[in-house]
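K.L.:
In our numbering, the protein residues as written are 775 to 964. We treat Cβ as the ideally placed atom computed from N, Cα and C, and that holds for glycine. This one's a predicted model, so the numbers in the text were calculated from it and none came from an experiment.
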DNA sequence: GCGACAG
DNA sequence: ATCTTGTCGC
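#1: In terms of residues, what are the limits of the beta strand (DSSP E) holding residue 908?
#2: Could you tell me the distance, in whole angstroms, from the CA atom of residue 921 to the CA atom of residue 820?
#3: Quick one: which unbroken alpha helix (DSSP H) runs of 4-plus residues sit fully inside the segment 844-886? Chain order, please.
#4: Taking the alpha carbon of residue 802 as the reference point, which residue from 835, 957, 951 and 932 has its own alpha carbon closest?
#5: If you scan the segment 776-842 from start to end, which runs of the alpha helix (DSSP H) of 4 or more residues do you find wholly inside it?
#6: What is the rounded straight-line gap between the Cα of residue 992 and the Cα of residue 912?
#7: With three or more C-beta pairs closer than 8 Å as the rule, is the segment 894-901 touching the segment 823-835?
#8: So, residue 874 versus residue 811, is the Cβ gap smaller than 9 Å?
#9: Considering only the beta carbon of each residue, do residue 780 and residue 788 sit closer than 9 Å?
#10: Quick one: grab the DSSP three-state call for residue 948.
#11: I'd like to know whether the C-beta atoms of residue 872 and residue 837 end up nearer to each other than 9 Å.
#12: Starting from the C-beta of residue 898, find all residues in its chain whose C-beta is less than 6 Å away, skip the five residues before and the five after it, and write them out in chain order.
#13: Find the nearest neighbour of residue 958 within the set 799, 793, 794 and 890, judged by alpha-carbon distance.
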């Protein structure tokens, strides 16, 4: 698939009473660099946070938010890992597999795998390996700023996950879809 | 036993 | 993730 023109970005947070997982799904037009729709989803929290099992805690709310979008995006960007996961199925991969949609994992920190420090320039990327095989990259999305851990979620390869992530960045560390989703869900919790 | 550990 | 103020830099 070529570079998506219509992205969706998702991110989760928690209600103040700690009983629900909240999530925002932002439909974002890359050509116009603008959000077309923002939806909020909610689901009761039934699972604790366990590294490696994040999907069980956050996916229900994420799915509820995505269901409210008026259109199906070409690809979904997630604030989590894709296949750079102990079992090869981080939240982004899990979500894509379930929805049968291309997804990318754009995590802010490392869960597993090894990588060198990438050069400081925007777009610099170094391979992220797990058990000797490359599963993603550590990508600099902003000059001299903490890099992102990018890996394919579903229906895309490493090169595409990087190209798509950069295609959705607009000067901030996080790609616009997930950055806006983070703002939206943060506002939603009051 | 010790350290690591997405959000 | 969430709890929290000011502060340094573009």
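P.N.:
Inspection of the coordinates gives the following:
#1: Numbered from 1 along the first chain, position 134 holds the residue referred to as residue 908. Taken as a continuous stretch (DSSP letters only), the beta strand (DSSP E) holding residue 908 covers 907-913.
#2: By 1-based counting over the first chain, the position of residue 921 is 147. By 1-based counting over the first chain, the position of residue 820 is 46. Between residue 921 and residue 820, the C-alpha separation is close to 32 Å.
#3: 865-873
#4: Mapped onto the first chain, residue 802 falls at position 28. The shortest C-alpha separation from residue 802 is found at 951.
#5: 828-841
#6: Beyond the ends of the chain as shown, which are 775 and 964, falls residue 992; an answer cannot be given.
#7: no
#8: Translated into positions along the first chain, residue 874 becomes position 100. Translated into positions along the first chain, residue 811 becomes position 37. No; because the gap between Cβ atoms is not below 9 Å, this pair is not in contact.
#9: Your numbering for residue 780 matches position 6 in the first chain. Your numbering for residue 788 matches position 14 in the first chain. Going by C-beta atoms, residue 780 is not nearer than 9 Å to residue 788.
#10: Locating residue 948 in the first chain gives position 174, where the first residue counts as 1. Of the three classes helix, strand and coil, the one that applies to residue 948 here is coil, per DSSP.
#11: Against the first chain, residue 872 aligns to sequence position 98. Against the first chain, residue 837 aligns to sequence position 63. Against a cut-off of 9 Å, the Cβ pair of residue 837 and residue 872 comes out as a contact.
#12: Translated into positions along the first chain, residue 898 becomes position 124. So the list reads 892 and 914, once near-sequence residues are dropped.
#13: Position 184 of the first chain, counted from the first residue, corresponds to residue 958. Looking at the Cα atoms, 799 is the closest of the given residues.
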